[in-house]
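Residue numbering for the sequence shown is 1 to 518, as defined by the UniProt record's numbering.
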Amino acid sequence: MQYIEVHKCYRVPFLTHSLTHLLTLLLLLLQPKKSLPLYKSQHNFISHSQHNFISFHLQFHFKMRMAEPSSLTTTTNYISSEELSKHNKPNDAWISINGKIYNVSDWLHHHPGGELPLLTLAGHDATDAFLAFHPKTASNHLNNFFTGFYLRDHTVSAVSRDYRNLHSHLSSLGLFESKGHVTFLTLLVIFSLFCIGVCGVLFSDRAWVHLLSGALIGIAWIQSGWIGHDSGHYQVMLNRRFNRLAQILSGNCLAGISIAWWKWNHNAHHISCNSLDFDPDLQHLPFFVVSSRFFNSITSCFYERKLKFDAFARFLVSYQHWTFYPVMCFARINLFAQSFFLLFSKRKVPYRMEELLGLLVFWVWYPLLVSRLPNWGERILFVVASFSITGIQHVQFCLNHFSSSVYLGPPNGSDWFEKQTHGTLDVKCSAWMDWFHGGLQFQVEHHLFPRLPRCHLRKIAPLVKDLCKKHNLPYNCVSFWKANVLTIQTLRKAALQARDLSNPVPKNLVWEAVNTHG
């Protein structure tokens, strides 16, 4: 017997027919079982004949249920990419995945990755982004959002096809589930560094030991940052509860940075890599700009405000290539502030109180530890040492993107692979230095496969490089030194442009900066 395919139908004409089938189905289930059982469910046996009958009716009613009211026809509804692009608002957000159109408007505020990634890709194809950020099981939920429409002009580029094939290959090898021992070893190192640093303060009266202890705390913060980064992308622990515990302990409690803020910021960065108005990792006014386009005071779609390039900002930017490293030494202060701004904002923040309690733990133990030092001179040196060492990590964050290509506007999901490769930079290093970079040295690979544990990034680098070469796309990989040089060159170029605007900054920059208002 052939199954009836019903793509679109009126429910009312079929109501009597459906009730008849359901009644027949119930009567059949109540009949004595005369044939051999096919399989055993939790409560009863079902025979072969009953199974065939039930199979037909379940499939029939399932298809009837999934169909939308229209007319009796086997035609499929299509919309164009132009029509899809109009559904890009919070109350009307549609995306395309593998040519099927999904309405995610009601899902925005429940999305585990936050609403920004969905809003950014609303009105566009999101197939590659969905593939990159979600496990296979996420596909099981898509039908809940299916609109019944398909994309008429749906095409898959050659590079996207190869990217998806590579993703499937890595998945078949089990690499996304194989975490290795990196997390355990890193946690062990963090615990050891923290204990040594605390003991150095409590049980020694030598200034150099106190200074070294501050540096060790800084290194522990760096390593905790890698744990927070990893656990935000994939499950590093045995289950979600322990994964969440690792995030709170390593981020909020130990480092004083809200993991909720990090996820909010980092997800937006990944989905909009190197978009000047969408990527928060490039929006550092008034201190830094990587492009002269910031001189037009562009609006940040992440912060939802205009990034003003006023006289004070121009003054700072004009010397940004000189102030870059000093500012990085204390960039952590900004992360402290951003964490509290988010947690005390009106935004929906999952586990808000849990996040705040974690930050409270940090602001108890760290000031208390500093207060145990014998004098203010050593206290200041301890704080400077811990902050400055952690500044290395902030520099690393910048090296991967500051010197890469940038663009304005939201990303177009159909060129996902291209945007990620153009906006990232790998850093060459020996395998024994992987602990130092925490996976960021393989930034291209990480952006293409964010759920891949960092212990596998080195293995897949040749595959990604070959794929980029095949499609004539950049695969930028330089030494750590060269990455710093490129970053400073980018900052210097923008700094000189800031001085040469049509409305030039006066020679006495300090005087103008001091007298600037607003």
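Beta carbons are placed, not taken as given, at the ideal position from N, Cα and C, and that holds for glycine.
Look at residue i and residue j and say whether their C-beta atoms are less than 8 angstroms apart.
i, j, result
"Ala495", "His284", "no"
"Pro90", "Leu108", "yes"
"Phe480", "Val444", "no"
"Ala129", "Trp432", "no"
"Leu399", "Asn484", "yes"
"Leu452", "Phe176", "yes"
"residue 519", "Leu121", "Not covered by the structure: residue 519. The range shown for the chain is 1 to 518."
"Phe362", "Ala255", "yes"
"Gln441", "Cys429", "yes"
"Val274", "His181", "Looking at the sequence shown, residue 274 is not Val but Asn. No. Outside cutoff."
"Tyr78", "Phe145", "no"
"Asn98", "Thr127", "yes"
"Leu276", "Tyr407", "yes"
"Leu425", "Gly439", "no"
"Glu378", "Ala207", "yes"
"Phe294", "Phe309", "yes"
"Ser339", "Leu359", "yes"
"Leu173", "Ile227", "no"
Taking the alpha carbon of residue i as the point to measure from, which residue in the options has its own alpha carbon closest?
i, options, result
"Val289", "Ser430, Trp376, Arg314", "Arg314"
"Val327", "Val384, Val364, Ile190", "Val384"
"Asp205", "Pro374, Ile79, Ala331, Ser479", "Pro374"
"Asn472", "Ala158, Asn140, Leu173, Phe146", "Ala158"
"Gln223", "Thr390, Asn88, Lys346, Val370", "Thr390"
"His167", "Leu463, Trp363, Leu118, Leu187", "Leu463"
"Arg492", "Pro411, Ser292, Ser414, Leu425", "Ser292"
"His210", "Leu381, Leu356, Ser403", "Leu381"
"Cys468", "Ser80, Trp94, Asp162, His110", "Asp162"
"Ile488", "Glu378, Ser403, Tyr234", "Ser403"
"Leu119", "Val104, Met353, Phe133, Leu84", "Val104"
"His422", "Ser96, Leu193, Ser405, Asp466", "Ser405"
"Leu116", "Ile217, Val156, Tyr303, Glu83", "Tyr303"
"Ser414", "Gly123, Cys329, His437", "Gly123"
"His447", "Lys100, Phe133, Pro112, Asp92", "Phe133"
"Ser178", "Leu316, Lys459, Tyr475", "Lys459"
"Ser318", "Leu131, Asn296, Arg499, Ala93", "Arg499"
"Gly214", "Ser371, Gln396, Lys482", "Ser371"
"Pro450", "Trp94, Phe191, Val349, Gly232", "Gly232"
"Phe341", "Lys482, Phe330, Leu356, Asp125", "Leu356"
"Ser139", "Leu170, Ser96, Arg152, Thr155", "Ser96"
"Val198", "Thr490, Val478, Trp365, Tyr475", "Trp365"
Taking all protein chains shown into account, decide if residue i is buried (16 or more other Cβ within 10 angstroms of its Cβ) or exposed.
i, result
"Ile257", "buried"
"residue 520", "Within the shown structure, residues of the chain are numbered from 1 to 518, placing residue 520 beyond reach of any answer."
"Asn267", "buried"
"Leu29", "Since pLDDT at Leu29 reaches only 44, below the 50 mark, its modelled position is unreliable, and the value read off the structure follows with that caveat. So Leu29 ends up on the exposed side."
"Val201", "buried"
"Ala220", "buried"
"Cys195", "exposed"
"Asn143", "exposed"
"Trp376", "exposed"
"Lys419", "buried"
"Asp230", "buried"
"Gln42", "In this predicted model, Gln42 has a pLDDT of only 35, less than 50, meaning its place in the structure is not dependable; the value taken from the coordinates is given anyway. Exposed, since its Cβ has fewer than 16 Cβ neighbours within 10 Å."
"Thr137", "exposed"
"Ile217", "buried"
"Arg347", "exposed"
"Leu131", "buried"
"Cys253", "buried"
"Arg332", "buried"
"Ala337", "exposed"
"Phe344", "exposed"
"Pro411", "buried"
Give the DSSP bridge partners of residue i, in chain order.
i, result
"Trp264", "Trp264 pairs with nothing; no bridge assigned."
"Arg451", "DSSP output for Arg451 lists no bridge partner at all."
"Arg305", "Ser300"
"His284", "Phe288"
"Val478", "Val427"
"Trp94", "Asn103"
"Asn88", "Ala93"
"Asp125", "Ser96"
"Ser258", "Partner(s): none; Ser258 has no beta bridge."
"Ile248", "In DSSP, Ile248 forms no bridge with anything."
"Ser275", "Tyr407"
"Asn472", "Asn472 is not bridged to any residue."
"Ile79", "Leu151"
Does residue i have its Cβ less than 8 angstroms from a Cβ in chain C?
i, result
"Ser160", "Although the question refers to chain C, the structure presented lacks it and comprises just one protein chain."
CB of residue i to nearest heavy atom of the ligand ZN: below 7 angstroms?
i, result
"Ile389", "The ligand content of the structure shown is nil, which means the ligand ZN is not present either."
Task: Start-end ranges of the alpha helix (DSSP H) lying completely within the segment 127-178, minimum 4 residues - done: 127-133, 158-172
Task: 4 or more residues per run - each alpha helix (DSSP H) lying fully within the segment 425-469 - done: Correct list: 434-437, 443-448.
Open item on the list: If we require 4 or more residues per run, which alpha helix (DSSP H) segments fall completely within the segment 323-392?
Closed with: Listed in chain order, the complete alpha helix (DSSP H) runs (minimum 4 residues) inside the segment 323-392 are 332-343, 352-371.
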